[in-house]
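To keep things clear, I will list the structure first and then write my remarks on it.
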Amino acid sequence: MQIYEVRLEPSALKELERLSSPWMEKVFVRVEALAINPRPPGCKKLRHSEEEWRIRIGDYRAVYIIDDENAVVEVTQDSSSTRPDRRRQMYEVRQVSV
57 MQIYEVRLEP
67 SALKELERLS
77 SPWMEKVFVR
87 VEALAINPRP
97 PGCKKLRHSE
107 EEWRIRIGDY
117 RAVYIIDDEN
127 AVVEVTQDSS
137 STRPDRRRQM
147 YEVRQVSV
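Numbering-wise (my numbering), the sequence shown opens with residue 57 and increments by one.
Written as structure tokens, this is what we have:
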């Protein structure tokens, strides 16, 4: 079994730090678990992208890219791939970007 390195873009880390303590811990635990299994049950490949995946953590979503060749999972944030975020906000950002 290959172990992946999990990286958080600075903007994703900043958003994670804005969450309340209980949510921050839940999101962080799920994101760190991607090192063992980057495609856990319930993860979904995003339709608009060849490389982006998302996991659901309660009302939040974490969007990430898997690089199997280099064994890296990178949690991302920008206008097309959002941070761990509330679902409605995530899809509003995506709709504006189109």
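Here a beta-carbon is modelled for each residue, glycine too, at the ideal position from N, C-alpha and C.
Only a predicted model underlies this, so the values are computations on that prediction, with no experimental measurement involved.
Closest Cα partner of valine 128 within the set Ser77, Asn93, Met80: The residue given as residue 128 occupies position 72 in the sequence shown. Considering only alpha carbons, the answer is Asn93.
According to DSSP, is threonine 138 part of a helix, a strand, or is it coil? Counted from its first residue, the sequence shown places residue 138 at position 82. Note that threonine 138 scores 42 on pLDDT, short of 50, meaning its location in the model is unreliable; the coordinates nonetheless yield the value given after this. If DSSP states are grouped into helix, strand and coil, threonine 138 belongs with coil.
Rounded distance between the beta-carbons of leucine 75 and leucine 64, thought under 8 Å: One-based indexing of the sequence shown puts residue 64 at position 8. One-based indexing of the sequence shown puts residue 75 at position 19. So it is not a contact: roughly 13 Å between Cβ atoms.
To the nearest angstrom, report how far apart lysine 101 and lysine 70 are at their CA atoms. The count along the sequence shown starts at 1 and reaches residue 101 at position 45. The count along the sequence shown starts at 1 and reaches residue 70 at position 14. Whole-angstrom Cα-Cα distance: 24 Å.
Assign glutamate 88 to one of two classes, buried (16 or more other C-beta atoms within 10 Å of its C-beta) or exposed (fewer than that). Here the question's residue 88 lines up with position 32 in the sequence shown. With fewer than 16 other CB atoms across the displayed protein chains lying within 10 angstroms of its CB, glutamate 88 is exposed.
Please classify glutamate 61 as buried or exposed, where buried requires at least 16 neighbouring CB atoms within 10 angstroms. Along the sequence shown, read from residue 1 onward, the residue named residue 61 stands at position 5. In this structure glutamate 61 is exposed. Its beta-carbon is surrounded by fewer than 16 other beta-carbon atoms within 10 angstroms.
How would you write the range of the beta strand (DSSP E) that alanine 118 sits in, first residue to last? As a working note, residue 118 is residue 62 in the sequence shown. In the DSSP assignment, alanine 118 falls within the beta strand (DSSP E) that extends over 116 to 123.
For proline 78, which of Ile59, Pro66, Ile113, Ala118 has the nearest alpha-carbon? On the sequence shown, position 22 is the one that residue 78 refers to. Nearest of Ile59, Pro66, Ile113, Ala118 to proline 78, Cα basis: Ile113.
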